[in-house]
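Participant: Residues in the sequence shown are numbered from 1 upward in steps of one, following the numbering used here. Beta carbons are placed, not taken as given, at the ideal position from N, Cα and C, and that holds for glycine. Because the structure is a prediction, the values reported are computed rather than measured.
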Amino acid sequence: MVIDDALVRELLEATENDAALILLEGRAQVVGRADLDSDAFRGAAVLLSRAELVERLGTRHLPRRT
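Set out below in structure tokens:
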């Protein structure tokens, strides 16, 4: 499993302010915190929240690669 820039960008651009990057059954994905209470995401490990990522990066946007 690789956390690539597409997943990081998806987390930063998520419409839910409480979105999180999770790991479930060997797959990383971005979901809203409310979704984590559903049966579909039971057992998921939260790797990073959107707020934590913004704090670490100091910005809400990743620079585009050229």
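Across which residues does DSSP place residue 38 in a beta bridge pair?
Facilitator: Counted from its first residue, the sequence shown places residue 38 at position 38. Note: residue 38 sits in no beta bridge, so no partner.
Participant: With DSSP as the reference, identify every bridge partner of residue 22, one or two as the case may be.
Facilitator: Position 22 of the sequence shown, counted from the start, is the residue given in the question as residue 22. 29, 46, per the DSSP bridge assignment.
Participant: Does DSSP put residue 60 in a helix, in a strand, or in coil?
Facilitator: Sequence index remark: in the sequence shown, residue 60 carries index 60 (1-based). Reduced to three states, the DSSP call for residue 60 is coil.
Participant: Quick check on the DSSP output: the alpha helix (DSSP H) that includes residue 2 runs from which residue to which?
Facilitator: Here residue 2 refers to the residue found at position 2 of the sequence shown. No alpha helix (DSSP H) holds residue 2; DSSP gives it neither H nor E.
Participant: Secondary structure at residue 13, three-state DSSP: helix, strand or coil?
Facilitator: For the purposes of this step, residue 13 is taken as residue 13 along the sequence shown, with counting starting at 1. The answer is coil: DSSP assigns residue 13 none of H, G, I, E or B.
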